[in-house]
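Here's the structure, in structure tokens; my notes come after.
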Amino acid sequence: MDIKKKENVDFFHQVVDCQYACPAHTPVPEYIRLIAQGKYTEAYMINWQSNVFPGILGRTCDRPCEPACRRGRLDDSEEPVAICRLKRVAADNKDEISTLLPDIPKEKNGKRIALIGGGPASLTVARDLAPLGYDITLFDEQTKGGGMIRSQIPSFRLPDEVLDEEVNYVLDMGISTHFNKRVDSLKAVLDDDYDAVFIGTGAPKGRDLDLPGRTEGEANIHIGVEWLANVAFKHTDAIGKKVIVLGGGNTAMDCCRTALRLGGEQVTVTVRSPFATMKASPWEIEDAQHEGIPILDNHVPKEFIIKDGKLTAMRFEKVKAEFDDQGNRSLVPLDEPPVIIECDDVLIAVGQSNSFPWIERDIGIAFNKWDMPKVNRTTFATTLPNVFVGGDAAFGPENVITAVAHGHQAAISIDLHCQGQDIKQRPAPDVTLLSQKMGVHEWSYDSQVSNDDRNIVPLMELQEALKNLNNEVELGFDEKRAISEAARCLNCDMQTVFTEKKCIECDACVDVCPTKVLTMTSKEADEQILRNKLTVPAKNLEQPLYVSGDLATGRVMVKDEDLCLHCGLCAERCPTAAWDLQQFTYNEATACDNLAHKAD
């Protein structure tokens, strides 16, 4: 079998969920295995190559990989491996890595790149292109790099020293930085003869609410993202005792927890929608509730109440959510009196949007109906050939790891563009499949799987945590907990590969399988019939079945990957080596993999 063929890559995409669910494609089981062995520096560098910011993401990532983790499928009470928090373990326990970072050529390749915005997307572009000899200049209106990671994530979640360290790994690659520099004209940047420009300015504009009393109470009504930035840069260090936070996203959770640390004694979050549909990550909601912050759902804000020229309260209407046949939601008012909540300050965190007044509309960049540049989702190119956009600036607010993925792909496009190549011809991913067999009964990996529940991340004592804005709440895993959590990994990169012509249909593998995911049966044209006749019916329709070619008797071997433990007992028991354990890796290409034109 040629694993580089597209159909085989597609199959293993279906199987090795946690290796590709994360947009930056970290080889998850590999770095988890290194953590279990105490090899933190090696695990860190694997993450650094792909995710760029292991220490930052290990504390703040939205964890798009964890829902795909097969550990969470074992039973209703199971939870996925704490992939995110294991990244932090590697970051917190690594040794000196300066000698492991890529060398930066002293002699540049003659191409100049401008990065507008110093957030994760731009920094990823710099990290990928600097080792190739590009002359890179970064512009940002903040005093330091990091973009909205620095301005929007409170220091009790992400300490400044962690942020500075990982941002500086990139900036120290010879990047020319211009901080405190606001770009007011893209045309002016283009006129400076840059070979390519990357825009990674995030979604910096917080949405407002046009309600009665908004103008009169302006002094005590704040846009959440702007208020968090003012706190981060120490322009704001206090707030009133009674605070209302409007919104149900992660920004709202950061606002309410920050307000609690700056003097808020009665901090209340109100959400228009039902609690179950809040946009904030579940763990962000849990952290806010752990700190005693009430969250009132189904409350629609109607008015800022002003008394004697000062904000004193807000009026809310109670609603319930109703859905039509198409699943569209409407909020229906209840026949109840309005809810009045007293307040000294209000933080509005009801969403963010992009703002591009500094991009002239006559320079060749087309804009869509939302007044955002039209950006290709594969190449991240605009309609102006040398201008690229990534991160939240491209398609609206998402998360840090998605911005990193955008940066990797944009760097490929910039490299191809600067080398005069077609940016649509993307370098292929690195895909390998390698047998782990060392002898008749020996394998080159440990297949033991822990039965432990997911480890809980220890927290600082609550009273102490609330004393100071800089006290990091999560303490992280110690070595014992880290190794215990890593042992919960089901080794998704270790694949049981079947060779039909070697099978003698003895059923030994079927008998030895502890989770009964193997079945030798007659072929069925109807997949649902096949699923129902397996040893254990395969009910998860989102997980494709592995169906072999014809065996000698005309039957087929069927494997339900959904509950496979990758324990390797089938390969161990098979007398003819029809089953083999092979390690699968899938790593998304970066600009450094596009080396054909650099051979000389």
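Everything in the sequence shown is counted per my numbering, starting at 525 for the first residue and increasing by one.
All C-beta atoms, glycine included, are put in the ideal place defined by N, C-alpha and C.
Looking at C-alpha atoms only, which residue of the options is the closest neighbour of residue i?
i: Leu-990; options: Ala-606, Lys-1040, Gly-788, Ala-592; result: Gly-788
i: Leu-957; options: Pro-728, Thr-1109, Ile-570, Pro-578; result: Thr-1109
i: Pro-982; options: Asp-1002, Arg-785, Thr-792; result: Asp-1002
i: Asp-488; options: Ala-567, Asp-696, Ala-743; result: It is not possible to answer for residue 488, since the shown part of the chain is limited to 525 through 1124.
i: Arg-1044; options: Leu-1075, Glu-1051, Asn-1015; result: One point to set straight first is that residue 1044 is Met, not Arg, in the sequence displayed. With distances taken between Cα atoms, Met-1044 lies closest to Leu-1075.
i: Gln-561; options: Met-1018, Asp-1086, Arg-1005; result: Arg-1005
i: Gly-671; options: Leu-598, Val-767, Asp-916; result: Asp-916
i: Lys-611; options: Glu-566, Thr-661, Ala-934, Leu-940; result: Glu-566
i: Gln-972; options: Ala-1102, Ser-709, Cys-1091, Arg-681; result: Cys-1091
i: Gly-944; options: Leu-710, Ala-720, Lys-618, Glu-966; result: Ala-720
i: Asp-652; options: Asp-939, Ala-743, Val-552, Asp-1017; result: Asp-939
i: Gly-642; options: Ile-936, Ala-727, Thr-623; result: Ala-727
i: Arg-594; options: Ile-925, Glu-1066, Ala-890; result: Glu-1066
i: Arg-557; options: His-549, Ala-1010, Gly-851; result: Ala-1010
i: Gly-1078; options: Asn-1056, Gly-582, Glu-1048; result: Glu-1048
i: Asn-617; options: Ser-646, Lys-834, Gly-579; result: Gly-579
i: Leu-1105; options: His-930, Ala-918, His-965, Phe-799; result: His-965
i: Tyr-718; options: Val-1071, Cys-942, Asp-976; result: Cys-942
i: Phe-912; options: Ala-645, Arg-597, Val-691, Pro-1068; result: Ala-645
i: Trp-807; options: Asn-822, Glu-827, Met-777; result: Met-777
i: Thr-584; options: Ala-753, Asn-923, Tyr-693, Asp-1117; result: Asn-923
So for residue i, helix, strand or coil by DSSP?
i: Thr-801; result: helix
i: Pro-806; result: helix
i: Lys-834; result: strand
i: Asp-1124; result: At Asp-1124 the pLDDT is 41, less than 50, meaning the model places this residue with poor confidence; the figure from the coordinates comes in the next sentence. In the structure shown, Asp-1124 sits in coil (DSSP, three-state: anything other than H, G, I, E or B).
i: Val-924; result: helix
i: His-481; result: No answer is possible for residue 481: it lies beyond the span of the chain, which begins at 525 and ends at 1124.
i: Val-605; result: coil
i: Asp-1117; result: helix
i: Val-613; result: helix
i: Val-552; result: helix
i: Ile-936; result: helix
i: Ile-947; result: coil
If residue i and residue j are in contact, beta carbons under 8 Å, what's the gap, nearest whole angstrom?
i: Arg-609; j: Gly-1000; result: 7 Å
i: Ile-819; j: Val-793; result: 4 Å
i: Met-802; j: Val-791; result: No, Met-802 and Val-791 are not in contact; Cβ-Cβ is about 16 Å, not under 8 Å.
i: Val-856; j: Phe-840; result: Contact doesn't hold; Cβ gap of about 15 Å is too wide.
i: Gly-772; j: Ser-797; result: 6 Å
i: Gly-669; j: Thr-648; result: Contact flag wrong, Cβ pair sits at about 12 Å.
i: Ala-1062; j: Asp-1035; result: Actually they are not in contact, since the Cβ atoms of Ala-1062 and Asp-1035 sit about 19 Å apart, beyond 8 Å.
i: Thr-782; j: Leu-993; result: 7 Å
Strictly by DSSP, which residues pair up with residue i?
i: Trp-967; result: Lys-961
i: Phe-828; result: Met-838
i: Leu-983; result: Glu-998
i: Val-843; result: Pro-857
i: His-941; result: Its beta-bridge partners do not exist; DSSP assigns none.
i: Thr-956; result: Thr-1109
i: Ile-580; result: Partner(s): none; Ile-580 has no beta bridge.
i: Ile-747; result: Ile-872
Is residue i close to chain C? Criterion is C-beta to C-beta, closer than 9 Å.
i: Leu-1089; result: The structure shown contains no chain C; it holds only a single protein chain.
Could you give the uninterrupted runs of the alpha helix (DSSP H) lying entirely in the segment 895-919, keeping only those of 4 residues or more?
Whole alpha helix (DSSP H) segments, 4+ residues: 916-919.
4-residue-minimum alpha helix (DSSP H) runs that sit fully inside the segment 1056-1112, ordered along the chain:
1093-1097
Alpha helix (DSSP H) runs wholly inside the segment 995-1062, at least 4 long, in chain order
1003-1010, 1032-1036, 1051-1056
Which full runs of the beta strand (DSSP E) of 3+ residues lie inside the segment 846-901, going along the chain?
853-857, 863-866, 869-872
Continuous alpha helix (DSSP H) assignments of at least 4 residues falling wholly in the segment 700-743:
Restricting attention to alpha helix (DSSP H) runs no shorter than 4 residues, the segment 700-743 encloses them at 710-714, ordered along the chain.
Runs of alpha helix (DSSP H) lying entirely within the segment 615-701, each at least 4 residues, in chain order
644-653, 672-676, 684-695
Counting only runs of 4+ residues fully inside the segment 749-819, write out the alpha helix (DSSP H) ranges in chain order.
774-785, 806-814
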